[in-house]
């Protein structure tokens, strides 16, 4: 059978009185003892014991929620966004009935409606949980799609502009455009409610500019605006490290690695990082951010590193520079799903990136003491043979860096804080005599789902042969019911589905089934094919094109890959490029194997599979 992603609550609340599971037995959290442990009372025996937070599980499974934001229709996604804007001011500790009633009056809604949205959102902390169900509008009146489009266009082009046109003007313009299109216009009150549901910050940002919005809505405390508690703001950036690493087999020099690092601005704690020989990309950002959010106990154990790294949980905001890897729609969408604010560094304000750049300098100074360092420039390096002295493999350096962060940097006094980062973090989470802590962050329960959410995706139709991505074919029985499925919005077109893949190992696609809202791993159609990464695939296809080959099919691609790998093996001791390719392949496949085990096709599919072989040759297939 194929593996299936379980439907657990998106987050586990770590707080007194919460029902949980420990070792398969129900219990209640009696007390939060710190960043790593809680005191739990067994539900049946009443006995209490201290339990690591990493071993605490949700009390029970919950009803399905929209697990994949990408799968929502545009209308449902907009509904979810508007509802979140409505309840956003109420998502705070100490919320009172008066607060809810005042907000309801502002929006022209009943307080019970807001309470219902708050209950749904706070149980999962996912934007998609606020989307209306597909059948919830049965028997009620809604705006027609054409009218909805006109309303949205008028709000964007007329209301959310520096001209600051009034609500009355928007109502008149909607009526005018509807009349021109022969449509029945909505009531003015409907449009006014829509305008009230727009967040004050967004309205002022569009109508009066960023400076006015910051001054009114972004109170500045300390050196960085908004970083007033742990995980309030996490900065992410990249740099190339000043050290040459070697390959695992011959231990000969490969290249300098890149690091993508996340740091909590409030405490200066490193919340996560990702090291690779590949330049910064949306993949490195996603892997860094997912590690930042997840607990680190397993990570430390796998590398044999002693110490504590108590940073986990979804940040309120991530702060990044304006590089293209931070500007993709996929990253913005997944940040919306998990309630993460995505902010870019203001142009001309370099001090906003000073926190993460400072730790790069700190770690860079430590790296320059290691064998294989390239130092900061040629003059400092002098006659030092960086490649000749290199000894660290990428995995060994990753372990060294983890030790440096956990056992040194987090524990040393930070001049800007006048205390160690880990003490500042504990103070912010647990509080002290002078301030109330923010509380232990919620734990993401479905780690696999989180990792998948941050991977890039492609959209494909499902054919009789399965799915084709970059001349490679994938198939599994779970796809059969969707073969040639029509688009629900246009029966003349075939429906496209989203498939996620890890560029480091593309032997598996992850298919999100929109009906059961579950991820399924889809293997190669020909399961005898070896795992490859996307860079190898591109190189093989380029090699075939350069050789004048036309009508390239899957067989030709894998034949070219086989020849390339044989050449790499024979040239491994001579070229850094060959060693880098082999190292990239080994680390990518290893990371994927740790995450998922995809079983072979079930026996009952074998007869059907033989029938599908008639679909060759591959160049006759749709390779969209």
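Numbering (the working numbering), first residue to last: 877 to 1500. Cβ atoms here follow ideal geometry from the backbone N, Cα and C, with glycine treated the same way.
- For the 8 Å CB-CB criterion, residue 1211 and residue 1140 do not form a contact.
- Contact check for residue 1250 against residue 1119 passes: the beta carbons are separated by less than 8 Å.
- Under the three-pair Cβ rule at 8 Å, the stretch 898-909 does not count as touching the stretch 1270-1289.
- If the five residues before and after residue 889 are omitted, its C-beta is found closer than 7 Å to the C-beta atoms of 1318, all from its own chain and listed in chain order.
- Each of 1216, 1430 and 1235 was checked against the Cα of residue 1193, and the nearest Cα belongs to 1216.
- Ranked by Cα distance from residue 1027, the first of 1053, 1004, 1345 and 1002 is 1053.
- In the three-state reduction of the DSSP assignment, residue 1366 falls in the strand class, which pools E and B.
- Residue 1005 and residue 1345 have their C-alpha atoms spaced approximately 31 Å apart.
- For residue 1335, the pairing in a beta bridge is given by DSSP as 1374.
- Annotated as distal: residue 897 and residue 923, with beta-carbon spacing of 8 Å or more.
- Ranked by Cα distance from residue 1331, the options 1170, 1421, 1338 and 1380 are led by 1380.
- Secondary structure note for residue 1026: it is in no beta strand (DSSP E), and the uninterrupted alpha helix (DSSP H) holding it is 1021-1030.
- Residue environment: residue 1150 is assigned as buried (16 or more neighbouring CB atoms within 10 Å of its CB, all protein chains considered).
- Spatial neighbours of residue 1296 in its own chain (CB-CB distance under 7 Å, excluding positions within 5 residues in sequence) are listed in chain order as 1286, 1287, 1288, 1289 and 1290.
- The DSSP-derived three-state label of residue 1434 is helix.
- Residue 926 counts as exposed, since fewer than 16 other beta carbons sit within 10 angstroms of its beta carbon.
- Residue 1154 sits away from residue 1232, with the two beta carbons spaced by 8 Å or more.
- It is roughly 11 Å from the alpha-carbon of residue 1070 to the alpha-carbon of residue 955.
- An exposed status is given to residue 1245, since fewer than 16 other beta-carbon atoms sit within 10 Å of its beta-carbon.
- Setting aside the 5 residues that flank it on each side, residue 1041 is surrounded in the same chain by 1034 and 1035, each with a C-beta closer than 7 Å to its C-beta; the list follows chain order.
- With at least 16 other beta carbons inside 10 angstroms of its own, residue 1046 counts as buried.
- Excluding sequence positions up to five before and after residue 1166, its CB lies within less than 6 Å of the CB of 1326, 1327 and 1330, all in the same chain and listed in chain order.
- Beta-bridge partners of residue 897 (DSSP): 902 and 933.
- Judged by their CB atoms, residue 1072 and residue 983 are nearer to each other than the 8 Å cut-off.
- Counting the other CB atoms within 10 Å of its CB gives residue 986 a total below 16, which places it among the exposed residues.
- When the beta-carbon positions are compared, residue 1316 and residue 1430 stay at least 8 Å from each other.
- DSSP, read as helix, strand or coil, puts residue 1316 in coil.
- Within the model, the alpha-carbon separation for residue 1183 versus residue 1240 is close to 22 Å.
- With contacts defined by Cβ atoms closer than 8 Å, residue 1282 and residue 1354 do not form a contacting pair.
- Contact check between the stretch 1381-1392 and the stretch 1400-1407: three or more CB pairs, one atom from each, fall below 8 Å, which counts as touching.
- Residues of the same chain with a CB within less than 6 Å of the CB of residue 1116, apart from the 5 flanking positions on each side, are 1132 and 1134 in chain order.
- Secondary-structure assignment with DSSP links residue 1116 through a beta bridge to 1134.
- In this structure, the CA atom of residue 1055 is about 7 Å from the CA atom of residue 1061.
- Counting along the chain, residue 1418 sits inside no beta strand (DSSP E); it lies in the alpha helix (DSSP H) bounded by residues 1410-1422.
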